[in-house]
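Asker:
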Amino acid sequence: MQVKKAVFPVAGLGTRFLPATKSSPKEMLPLIDKPLVQYVVEEAVAAGIEQILFVTGRGKRAIEDHFDIAFELESLLSDNGKEKELAQVREIAEMVNIFYVRQKQALGLGHAVLCAREFVGNEPFAVLLGDDIIDAPTPCLWQLLEVYRKYRGTVLALEQVPKENISSYGCVQATHIYKKVFEVTDLVEKPKPEEAPSDLAIIGRYVLTPEIFPILERQDPGKGGEIQLTDAIKRLANEEAI
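Numbering follows the working numbering, in which position 226 of the sequence shown is assigned residue number 285; successive positions increment by one, without gaps.
1) Quick one: grab the DSSP three-state call for R117.
2) In this structure, does DSSP put F126 in helix, strand or coil?
3) Are the CB atoms of E101 and L95 within a distance shorter than 8 Å?
4) Could I get the ranges of all uninterrupted beta strand (DSSP E) runs contained in the segment 234-297, with 3 residues as the minimum, in chain order?
5) Rounded to whole angstroms, how far is the Cβ of A255 from the Cβ of K222, which I believe are closer than 8 Å?
6) For the beta strand (DSSP E) containing A185, list its first residue and its last residue.
7) Residue range of the alpha helix (DSSP H) that F76 falls in?
8) Spatial neighbours of L88 within its chain, please: CB distance less than 8 Å, with the 5 preceding and 5 following residues excluded, ordered by chain position.
9) What residues match up with G229 in a beta bridge as DSSP calls it?
10) So the alpha helix (DSSP H) Q219 belongs to, where does it begin and stop?
11) Contact defined as beta carbons within less than 8 Å: I believe D65 pairs with A185. What is the distance between those atoms, to the nearest angstrom?
12) On the three-state DSSP scale, how would you describe R161?
13) Identify the residues that DSSP records as bridge partners of V66: which are they?
14) Using three-state DSSP, classify K222 as helix, strand or coil.
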């Protein structure tokens, strides 16, 4: 099956970006002339995604407004003859079909993905973190989907990071297969540097199979008392190649 749906978990409070995120979602912080999350949505669209689900929480209304039609603004731009700006605003609202669901409790990334179960159904799907910007000539998600089409299993984006920074990430133990493709044999969420199995960190791009959902339903809280997606993928590795 082709991957046509993507999930954006954006319910987090963004405490690491305070005070900038006190009144604005971290995903809406500007990078040059666009908010962070717009770059990631554009990456998903460039990779062939047709439907996006934002898993939101309280205080995230700005994200919904950004990707909505802005009648008053469009009317003002039209009346003032600002056709270029008008086209940019309309393109944002029309680039992809967007849906929303609330994550009513801050129970972690794994729980946020579980909130998307009804939207996803029995299909493979992508997960993109809206504050994780990856600049590449070939979109990162496109690269992951190429790997998925070849191996038909869960695919994670990895980045080599200094060992002293590995405690900020999910970390994998992996065996090299081909070029930049590895098979993951173990996963650890935010390990201490001396306990990390490698310097390969999971970054904010995933292609997941629907088999992750029953695992997430039974997943016990992990680091930080949250339901960790990394822990669920580790269990999934017992059933399919990662």
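Cβ atoms here follow ideal geometry from the backbone N, Cα and C, with glycine treated the same way.
Answerer: A quick look at the data gives this:
1) coil
2) coil
3) no
4) 240-248 and 259-267
5) 6 Å
6) F184 to L187
7) Run containing F76: none; DSSP gives neither H nor E here.
8) F76, A79, T80, P94, L95 and D190
9) E248 and I261
10) It is not in any alpha helix (DSSP H) - Q219 instead sits in the beta strand (DSSP E) that spans V214 to Q219.
11) Note that residue 65 is Ala in the sequence shown, not Asp. About 4 Å; that satisfies the 8 Å criterion.
12) strand
13) L112 and V186
14) helix
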